[in-house]
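Here is the structure we will look at.
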Amino acid sequence: MSEIENAVPYPIFHEPVFAEDKATHDPTAFLTDHPSDTALYKQVDDLLKKQVVGFEKSRIGPDQLFTLEEAYGPRGKDVVKKISDAGRIVFHAIGDSGSTSEGKQYQDELAVTDQLTMDCNVTEVANRPSFLLHLGDVVYDFGEAQYYYDQFYEPFRDYPAPIFAIPGNHDSFVLPNTPAGQTPLDTFSRNFCSQTLVITPEAGSLHRTAMTQPGVYYALDMPFVRVLCLFSNALEDPGVISSDGGNWPDVPDFQLEFLEAQLQKIKDEDYKGAVLIAVHHPPFSYAPSTSVKGAGGSHGCSTAMLRQIDTICKKVGVYPHAFLSGHAHNYQRYTRTVEMDGKSFDVPFIVCGDGGHHVNRIVRARRGSSTEEPHFGIDVSYLDVKPAINAKGVMLEKYNDQGYGYLRISADKDQVAIGFHLVGQTSLAQSRFDKVTVDLASHEMIAN
Ligand SMILES: [Fe+2]
0 MSEIENAVPY
10 PIFHEPVFAE
20 DKATHDPTAF
30 LTDHPSDTAL
40 YKQVDDLLKK
50 QVVGFEKSRI
60 GPDQLFTLEE
70 AYGPRGKDVV
80 KKISDAGRIV
90 FHAIGDSGST
100 SEGKQYQDEL
110 AVTDQLTMDC
120 NVTEVANRPS
130 FLLHLGDVVY
140 DFGEAQYYYD
150 QFYEPFRDYP
160 APIFAIPGNH
170 DSFVLPNTPA
180 GQTPLDTFSR
190 NFCSQTLVIT
200 PEAGSLHRTA
210 MTQPGVYYAL
220 DMPFVRVLCL
230 FSNALEDPGV
240 ISSDGGNWPD
250 VPDFQLEFLE
260 AQLQKIKDED
270 YKGAVLIAVH
280 HPPFSYAPST
290 SVKGAGGSHG
300 CSTAMLRQID
310 TICKKVGVYP
320 HAFLSGHAHN
330 YQRYTRTVEM
340 DGKSFDVPFI
350 VCGDGGHHVN
360 RIVRARRGSS
370 TEEPHFGIDV
380 SYLDVKPAIN
390 AKGVMLEKYN
400 DQGYGYLRIS
410 ADKDQVAIGF
420 HLVGQTSLAQ
430 SRFDKVTVDL
440 ASHEMIAN
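Letter by letter, the sequence shown follows residues 0 to 447 in numbering that gives the first Met the number 0.
Shown next as structure tokens:
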């Protein structure tokens, strides 16, 4: 054993392990007791609105890529060649999967993870997902190490592919009196940003090795797609990706430098693939206009964060093909029309935060009055407050606030398609609730 291997307290593997050898039945209860969180929430309610966290700079340079090939280890070259030869990649994305109590709620998370696993195992090879990107809120309530087994490793025990993640607010908010070195981001980093292929204590007796992404923000590169993953910090709302000119002095500005470097690289390379931005807090999340009955859902828009992203996109002259988010516990799909360099194009903004934790209605009743649910295809341009780019309008195209689900994203050299699937259906085709397809060269949406 080398000196480095000796220095690591966990066993090192020479290639990554994803699934268990043999499939097992779903658990019926948590291994570690998870008491009610009501008292805990009362205690930290105020902090959730103001306590942001610092984080470390990515291990690799702002313009460098973390590749799917690396994540697959020695098999990576072969896996990526097969995807390239097939001319198409498919992958999953979910948000907010962590479950907080025994019984029924755990079944909701397991229903999602079981369907994701089945999709990898039974779908024909050419249409089989190659990995999962978790859009944050992996472990509730606050990313505690003792709950990683029940909420992450066990539900995904048979998922046979890499799982990347961006931390959500629940994976980063620090409870009062947390000892140094044991913050949620420390635990997240041990399990998702490992420098070596180890099995962490959080995995218990299971064999999935820790993910080796280079930090809490990174550019994930693969054939046909590049995903720019941003960490939007620990507030319940809004998402915070930088110090915002001193508003959040504890938050470093690494991600602004990273985003600019990555977009510049895309421009300099004349990159032809799909460019996606993934961030836990949604730039747009529904709230009714003042003339409509009802209040918005539990989680709102993060417009200041979007302005910072837009400012950099505008400066470089590159706009992503789509945005992916979680956090709001439902599915929402918006189309934002953007004008850049004299060209107008439509950009899907997708919220997928119904991965197992909860499903929230898109509107809530105001005291003493009924709610009015929005129709599909309504103009919600009022959500786009003081855009930093030439924005021409926002439409709420479709939403689902009744069931749990996940995204199934596919791309080839010409198009990227993002489908939303509900769990509990008998076939892949039946499970698809919505799908949007974007032409890569023109950014035009293509009718499905
Ligand atoms: Fe969240």
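Ideal Cβ placement from N, Cα and C applies to all residues, glycine included.
- When beta bridges are read from the DSSP output, Ala321 appears opposite Leu275.
- Three or more Cβ pairs drawn from the segment 399-406 and the segment 352-360 lie within less than 8 Å of each other, which places the two stretches in contact.
- If you check the CB distance, Ala218 and Gln150 do not come in under 7 Å.
- Shown here for Val16: same chain residues with a beta carbon closer than 7 Å to its own, the five before and five after excluded, namely His206, Arg207, Thr208 in chain order.
- Of all C-beta pairs linking the segment 380-393 to the segment 137-146, fewer than three are shorter than 8 Å, placing the two stretches out of contact.
- Within 10 angstroms of the beta-carbon of Glu235 lie 16 or more other beta-carbons, which makes it buried.
- Under the three-state reduction of DSSP output, Thr195 falls in the coil class, being neither helix nor strand.
- For Asp378, the CB contacts under 7 Å within the same chain, skipping 5 residues up- and downstream, are Gly392, Met394 in chain order.
- With fewer than 16 neighbouring CB atoms inside 10 Å of its own CB, Val384 falls in the exposed class.
- With the criterion CB distance below 5 Å from any heavy atom of ligand 1, the matching residues run Asp136, Gly167, Asn168, His326 along the chain.
- DSSP places Leu227 in the strand class (E or B) of the three-state scheme.
- When Phe90, Asp269, Ser380 are compared, the shortest CA-CA separation from Pro282 is found for Ser380.
- Residue range 414-421 is occupied by the beta strand (DSSP E) that includes Gln414.
- For Arg306, the enclosing alpha helix (DSSP H) stretches over residues 302-315.
- For Ser83, the enclosing alpha helix (DSSP H) starts and ends at 75-85.
- In the three-state reduction of the DSSP assignment, Met117 falls in the helix class, which pools H, G and I.
- Residue nearest to Asp44 within the set Arg156, Leu134, Leu174, Ala179 is Leu174 (criterion: CA-CA distance).
- Residue pairing of Ile162 in beta bridges, as defined by DSSP: Leu131.
- Per DSSP, the continuous alpha helix (DSSP H) segment holding Val43 begins and ends at 37-43.
- For Lys397, there is no enclosing alpha helix (DSSP H); the residue is found in the beta strand (DSSP E) stretching over 389-399.
- With fewer than 16 neighbouring CB atoms inside 10 Å of its own CB, Thr37 falls in the exposed class.
- Cβ neighbours of Phe141 within its own chain (closer than 7 Å, five residues either side excluded): His169, Phe172, Leu174, Pro183.
- Taking C-beta separations shorter than 7 Å and ignoring five residues to either side along the sequence, the partners of Arg127 in its chain run Val89, Cys119, following chain order.
- For a cut-off of 8 Å, the C-beta gap from Gly203 to Tyr152 is around 6 Å, short enough to register as a contact.
- DSSP, read as helix, strand or coil, puts Lys21 in coil.
- Taking C-beta atoms under 8 Å as the contact rule, His320 and Ala273 qualify, at a distance of about 5 Å.
- Lys266: member of the alpha helix (DSSP H) spanning 253-268, first to last residue.
- Taking C-beta atoms under 8 Å as the contact rule, Val52 and Ala233 qualify, at a distance of about 5 Å.
- Counting along the chain, Ser409 sits inside the beta strand (DSSP E) bounded by residues 404-410.
- The three-state secondary structure of Ala144, taken from DSSP, is helix.
- Counting along the chain, Glu69 sits inside the alpha helix (DSSP H) bounded by residues 67-70.
- Taking the Cα positions, Arg365 is about 6 Å away from Ala294.
- Note that the segment 105-121 does not touch the segment 65-80; fewer than 3 beta-carbon pairs, one per stretch, sit closer than 8 Å.
- Thr208 sits in coil when the DSSP states are folded into three classes, being neither helix nor strand.
- Its chain contains Tyr381 as the residues whose beta carbon lies nearer than 6 Å to that of Ser288, once the 5 sequence neighbours on both sides are disregarded; these appear in chain order.
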